[in-house]
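Peer 1: Just dropping this structure here.
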């Protein structure tokens, strides 16, 4: 029987310390697979048909990762590992257990915004998304968090004062 770790208050407002999180959103996507399923927190984040092959990531363009959604919101850290089952495009069966608690044991929000570019006062980072991508034989785990910046990322667009780049945290090819 697994127990929830003690609550640790997040730091999403003080740029002088690492930005941390106490809950996260979760999502998964599959490319070039058959019958892919991802079970996390007692729910199937993904459950594809055994007979239908998912599209290749290449067919969706180089920015396909920005469309991976995280519909399961406000999951308290951490309910346990993610269980993955799928067949790669050559028909080989694969199983994997991804240790989500171990990958994010430090509870630090991974982002690509240099400290000098972080927003000043107020909330600097939102709850992050943990995203699993199964791409043929490769499993990637990303963190994506809305991190507020001092400067607009798109000059003239007042709604572009943030970055939310997916940051690769784990990758393994089976």
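Residue numbers (the working numbering): 80 to 253.
Here a beta-carbon is modelled for each residue, glycine too, at the ideal position from N, C-alpha and C.
1) Could you check whether the Cβ of residue 202 sits closer than 8 angstroms to any heavy atom belonging to the ligand NAP?
2) In the structure shown, what three-state DSSP assignment does residue 195 receive?
3) Could you give the distance in angstroms between the alpha-carbon of residue 130 and the alpha-carbon of residue 108?
4) If you run the structure through DSSP and keep just helix, strand and coil, what is residue 188?
5) Here's the rule I'm using: 16 or more other beta-carbon atoms within 10 Å means buried, otherwise exposed. How should residue 93 be labelled?
6) Check the DSSP bridge columns for residue 242 and list the partner residues they point to.
7) Using a Cβ-Cβ cutoff of less than 8 angstroms, which residues in the same chain neighbour residue 132 once the five nearest sequence positions on both sides are dropped?
8) Cα-Cα, which of 239, 223, 161 and 141 is closest to residue 229?
9) Using DSSP with H/G/I as helix, E/B as strand and the rest coil, what is residue 116?
10) Looking at the secondary structure, which residues open and close the beta strand (DSSP E) in which residue 203 lies?
11) Just the Cα atoms here: how many angstroms apart are residue 314 and residue 241?
Peer 2: Considering the structure as presented:
1) The ligand NAP is absent from the structure shown, which contains no ligand whatsoever.
2) helix
3) 17 angstroms
4) coil
5) exposed
6) 226
7) 111, 112, 113 and 168
8) 239
9) strand
10) Looking at the DSSP string, residue 203 is not in any beta strand (DSSP E), and its letter there is neither H nor E.
11) Any property of residue 314 remains undetermined from this structure, which presents the chain solely from 80 to 253.
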